[in-house]
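Engineer: Structure in structure tokens, see below.
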Amino acid sequence: MFATRHTTMTNATAPSPAGGGLESSGARPDPSGDARRILSAAIAILEQGGELLQGLPPDAYGQRVPEAFDASIGGHYRHCLDHFTSLRRAVGSGEVDYDNRDRDPRIESQPGYALEVTEGLRGWLETLGPRILAMPVGARCEVSYARGSAPVTGSTLGREMVYAIAHAIHHYALISVMARLMEVRVPSRFGVAPSTVAHNEKQATR
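Take the sequence shown: its position 41, counting from 1, is numbered 40 in numbering that gives the first Met the number 0, and each next residue is one higher.
Below, the structure is given as structure tokens:
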């Protein structure tokens with residue numbers, strides 16, 4: 000199985016967000032703790048992907064599913080990894096470019112290669128300390144069908160990592176539906192948002 004590794008982050012404190020004050024409880028916000036939680040979540044998302052890749056029948060990964068716009072599990076999973084690769088490049092460039100993605104067909108069609116890329120990205124995440132998530136970045140993403148350059152908005156690496164996690168969960172949900180259409184099992188809670196899990200657990204205790 001895809002082994003879970005726990006990373007010890009540094010104890011350095013990330014810069015406080017602009018305008019950050021005291022929470023209603025009276026406790027000061029903990030940006031460093033938030034950053035660690037984001038990094039742990041990103042690692043966990045890739046671990047889920049690794050479990051998926053190791054559990055899928057090889058022929059199911061690249062199989063087109065007519066009921067899902069003729070897409071494949073491999074296509075959706077490659078799309079998720081592209082976003083994390085964009086984050087990795089942003090550490091050096093200062094820009095998260097969501098339009099200039101690799102779209103590597105090997106990741107779409109070869110689960111073994113996709114697993115290698117997944118493990119590489121997870122290994123990179125495990126080297127990051129919490130302070131780096133406060134790094135300012137520009138996020139480039141085309142949102143208009145009109146001619147012109149894609150807009151770039153100011154953000155942070157941490158904010159874009161949160162987006163990459165939520166984006167992956169959304170596509171994992173689609174992958175889960177596609178797998179069920181092929182009568183293939185997926186890992187527990189795969190594609191279920193953490194807030195949904197928490198809500199369901201709360202409802203179950205009532």
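Positions of the beta carbon are idealized from the N, C-alpha and C atoms, including for glycine. Only a predicted model underlies this, so the values are computations on that prediction, with no experimental measurement involved.
Where in the region 62 to 131 do unbroken runs of the beta strand (DSSP E), each at least 3 residues long, occur, reported from the N-terminal end onward?
Structural biologist: Runs found: 94 to 96.
Engineer: Drop a sphere of 10 angstroms on the beta-carbon of residue 141, count the other beta-carbons inside from all chains shown, and report buried for 16 or more, exposed for fewer.
Structural biologist: Exposed is the call here.
Engineer: Tell me the DSSP secondary structure of residue 146 in three-state form.
Structural biologist: Under the three-state reduction of DSSP, residue 146 is assigned to coil, being neither helix nor strand.
Engineer: Mind reading off the beta-carbon distance from residue 48 to residue 76? Whole number of angstroms is fine, and I expect it under 8 Å.
Structural biologist: That belief holds up - the Cβ atoms of residue 48 and residue 76 are roughly 6 Å apart, short of 8 Å.
Engineer: Please work out which residues of its chain come closer than 7 Å, Cβ to Cβ, to residue 202, disregarding the five sequence neighbours upstream and downstream, and give them in chain order.
Structural biologist: none
Engineer: If we call anything under 8 Å between Cβ atoms a contact, is residue 106 one with residue 97?
Structural biologist: Remark: C-beta atoms of residue 106 and residue 97 do not approach each other more closely than 8 Å.
Engineer: With 16 as the cutoff for other CB atoms within 10 Å, does residue 181 come out buried or exposed?
Structural biologist: exposed
Engineer: On the three-state DSSP scale, how would you describe residue 185?
Structural biologist: coil
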